[in-house]
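First the structure, in the form of structure tokens, and then the observations on it.
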Amino acid sequence: MADFGNDGGLWTARLIGASAGAAVSLIYLLPKSRREAACRFFTGLACGLVFGGPAGLWIAVRLGIASYLGPVEVLLTGSAAASLSAWWGLGVLARAAERMKQ
């Protein structure tokens, strides 16, 4: 099991990964308003910070590269992936629900 303690460098990796994932999600699925953009960004940021460790570890193990990566790389990758997928999936579902409502 990887040790993801409260080291400042690990929190920085989580924050950078989560921010990058949230920013990319805004680019791929453009928001309709500033409110939607802010909501999507902060939701992605929160998901990346919370689920970055488990997601990064899962990705590294599934790819078979866990022994080659350090905790910073695992957290950076996991945070970006969790953040990106949070609003990518939810954004698509929200738009589909909006179309069904009309």
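Position one of the sequence shown corresponds to residue 18 (my numbering), numbered consecutively onward.
Note that CB positions come from ideal geometry on N, CA and C, so glycine has one too.
Quick caveat: nothing in here was measured; it's all calculated off a predicted structure.
Residue burial classification, residue i (beta-carbon count within 10 angstroms, cutoff 16)
{"i": "S42", "result": "buried"}
Residue i versus residue j - alpha carbon distance
{"i": "L107", "j": "C64", "result": "12 Å"}
{"i": "N23", "j": "W105", "result": "28 Å"}
{"i": "A83", "j": "L110", "result": "32 Å"}
{"i": "K118", "j": "L86", "result": "46 Å"}
{"i": "A99", "j": "A55", "result": "17 Å"}
Start and end residues, alpha helix (DSSP H) containing residue i
{"i": "G81", "result": "No alpha helix (DSSP H) holds G81; DSSP gives it neither H nor E."}
Where residue i falls: helix, strand or coil (DSSP)
{"i": "K49", "result": "coil"}
{"i": "L86", "result": "coil"}
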